[in-house]
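Structure first, commentary second.
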Amino acid sequence: MENLLFIVLGLVLLIAGGNWLLKSAVGLSLRLAIPKIVIGMTVVSFATSAPELIVSVKAALDGFPDLALGNVVGSNIANLGLVLAITVIMGSIDVRKSFYTTDWPVMMVASLLFCGFIYFDGVLQQYEGIILVTLLFVFLIYLLRFQKTAVVDEMPEDDVILPLYKIVLYLGIGGTALWGGSELLIKGAVGMASTLGVSDRVIGITVVSVGTSIPELAASVIAVLKKEKAISLGNLIGSNIFNLLAVLGITSIITPITVMDQGLLSNDIFWMLGISFLILPLVFFPKGLRLGWRDGLVLLAFYVLFVYMTIK
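Under the UniProt record's numbering, the first residue of the sequence shown carries the number 1, and numbering increases by one thereafter.
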């Protein structure tokens with residue numbers, strides 16, 4: 001019970017901390033007169049990936065590498081199998097052309113690259129992390145130059161230039177909440193794993209990954225209820241790209257990540273590749289460039305099966 005409380009409190013702090021960090025980052029960018037397109041693609045993306053990044057770095061440094069890997073692999077599966085599924089069950093979304101010209105191919109390249117790096121030796125080395133982060137910067141530069149329309153401003157209400165003291169305050173509170181939340185979440189997750197007699201990987205890939213995907217789920221559901229389709233498939237795919245290239249890239253640069261539980265290599269990464277690939281045919285069939293409730297049910301069934309196969 002105590003472990004569950006740690007996990008819930010940790011997640012609440014991570015989500016709140018990420019939100020405060022986002023406010024301060026956007027506020028600072030606006031004060032520095034950085035173009036909005038750059039803010040949306042760099043500052044906002046990094047800030048919304050902050051919970052995953054902090055949890056993964058902390059878990060790897062504390063000697064729980066399977067939590068770090070399970071968190072990212074599980075988050076990528078949950079973003080598509082749970083968040084996207086619930087979103088399109090509530091209301092169909094139209095898919096942009098940039099999905100098959102940019103977003104999906106980059107996600108698949110990032111996924112295959114990560115799987116290739118880790119599959120053969122079971123370690124994500126520092127130089128491999130450098131390659132992942134370099135690919136991220138190449139992707140961002142490409143988007144800035146050629147794909148400006150692919151970025152949707154989801155937070156027009158945040159475009160108020162904040163006074164400097166508020167920016168510093170949000171930054172301080174947000175950073176502290178992220179740190180405290182990651183401490184509590186990892187303590188609770190490791191405790192729960194030992195209590196239930198399962199590996200860190202199983203807890204990381206189910207409980208922790210769903211928890212760090214909650215901000216995406218909340219944003220998606222609110223967007224559907226407001227009848228705003230701004231939360232596009234591209235946003236969730238962008239989150240997956242950031243998880244692989246930024247979160248795992250930066251974590252492995254700080255400290256190499258070694259796989260402890262072989263289930264990650266024999267099971268989880270193939271589920272991640274499978275659901276990432278599955279999105280392509282679902283987008284084109286039965287109605288071209290559209291995801292509806294039937295597609296949502298297929299994705300949800302895929303996710304439920306994945307969780308069942310992981311914990312059984």
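Just so it is clear, CB atoms sit at the ideal spot from N, CA and C, and this is done for glycine as well.
Query - In chain order, each alpha helix (DSSP H) run of at least 4 residues that lies wholly inside the UniProt domain "Sodium/calcium exchanger membrane region" (4-144) - result: Runs of the alpha helix (DSSP H) inside the UniProt domain "Sodium/calcium exchanger membrane region" (4-144): 44-48, 50-61, 65-78, 85-90 and 104-119.
Query raised in the report: Applying the criterion that 16 or more other CB atoms from any shown protein chain within 10 Å of the CB defines a buried residue, is Trp20 buried or exposed?
Result: Under this definition Trp20 is a buried residue.
**Report entry** Euclidean distance between Cα positions of Ile134 and Phe146
**Finding:** Sequence check: residue 134 is Thr here, not Ile. Our two residues, Thr134 and Phe146, have alpha carbons roughly 18 Å apart in a direct line.
Query raised in the report: Is Ser239 buried or exposed, if buried means 16 or more other CB atoms sit within 10 Å of its CB?
Result: The residue is buried, with at least 16 neighbouring Cβ atoms inside 10 Å.
**Report entry** Minimum C-alpha distance to Gly296 - residue among Thr310, Tyr308, Leu278 and Ile131
**Finding:** Ranking Thr310, Tyr308, Leu278 and Ile131 by Cα distance to Gly296 puts Leu278 first.
Requested in this report: Quick one: grab the DSSP three-state call for Thr255.
Outcome: Residue state, collapsed to three classes: coil.
Requested in this report: Given a cut-off of 9 Å, decide if Phe114 and Leu244 are closer than it, judged by their beta-carbon atoms.
Outcome: Taking C-beta atoms as the reference points, Leu244 and Phe114 count as a pair closer than 9 Å.
Query - Beta-carbon contacts of Val168 that lie in its chain and below 8 Å, excluding the five residues immediately before and after - result: Cβ neighbours of Val168 beyond the five flanking positions: Ser24.
Requested in this report: Just confirm the distance between the C-beta atoms of Leu236 and Leu84, as a whole number of angstroms; I'd bet it's less than 8 Å.
Outcome: The Cβ separation is near 5 Å, so the contact holds.
Query raised in the report: Going by other Cβ atoms of all chains shown within 10 Å of its Cβ, with 16 needed for buried, is Val57 buried or exposed?
Result: Buried.
Report task. Could you tell me the boundaries of the alpha helix (DSSP H) in which Met1 lies? Result -> Counting along the chain, Met1 falls outside any alpha helix (DSSP H), and DSSP gives it neither H nor E.
**Report entry** Bridge-paired residues (DSSP) for Leu291
**Finding:** Listed as beta-bridge partners of Leu291 by DSSP are Ile93.
Query - Extent of the continuous alpha helix (DSSP H) run through Phe285 - result: In the DSSP annotation of this structure, Phe285 is not part of any alpha helix (DSSP H), being labelled neither H nor E.
Query raised in the report: Skipping 5 residues on each side, what residues in its chain have a beta carbon closer than 7 Å to that of Ala16?
Result: Cβ within range, chain order: Ala177.
Query - Classification of Leu124 by the beta-carbon crowding that lies within 10 angstroms, buried from 16 upward - result: Buried is the call here.
Report task. Measure how close the beta-carbons of Thr255 and Leu61 come, nearest whole angstrom, since I'm counting them as under 8 Å. Result -> Between Leu61 and Thr255 the Cβ distance is about 6 Å, and since that is below 8 Å, they are a contact.
Query raised in the report: Between the Cα of Leu185 and the Cα atoms of Leu144, Ala246 and Pro51, which residue gives the shortest distance?
Result: For Leu185, the nearest C-alpha among the options comes from Pro51.
Query raised in the report: Is the beta carbon of Val73 less than 9 Å from the beta carbon of Ile269?
Result: In this structure, Ile269 lies closer than 9 Å to Val73 by Cβ.
Query raised in the report: Got a sec? Which residues, its chain only, sit under 8 Å from Lys97 by beta carbon, not counting five neighbours each side?
Result: So the qualifying residues of the chain are Leu289.
Query raised in the report: Buried or exposed: where does Pro65 fall if 16 or more other Cβ atoms within 10 Å of its Cβ makes it buried?
Result: By the 10 Å Cβ count, Pro65 comes out buried.
Report task. Consult DSSP for Asp200 and reduce its assignment to one of helix, strand or coil. Result -> In the structure shown, Asp200 sits in a helix (DSSP, three-state: H, G or I).
Query raised in the report: What residues in its chain sit with their C-beta under 8 Å from that of Asn267, if we drop five residues either side in the sequence?
Result: Residues Met309 and Thr310 of the same chain have their beta carbon placed closer than 8 Å to that of Asn267, with the five preceding and five following residues left out of the count.
Requested in this report: Determine the contact status of Asp200 and Leu67, defining contact as a CB-CB distance below 9 Å.
Outcome: Yes, the Cβ-Cβ distance between Asp200 and Leu67 is below 9 Å.
Query raised in the report: Secondary structure at Gly296, three-state DSSP: helix, strand or coil?
Result: Helix.
Report task. Compare the C-alpha of Leu32 against each of Ser213, Leu164 and Leu132 and name the closest. Result -> Just measuring C-alpha positions, the residue of Ser213, Leu164 and Leu132 sitting nearest Leu32 is Leu164.
Query - Cα-Cα separation between Ile253 and Gly129, rounded to whole angstroms - result: Take the alpha-carbon of Ile253 and the one of Gly129: they are about 5 Å apart.
Query raised in the report: For Gly70, which of Ile257, Gly292 and Gly91 has the nearest alpha-carbon?
Result: Each of Ile257, Gly292 and Gly91 was checked against the Cα of Gly70, and the nearest Cα belongs to Ile257.
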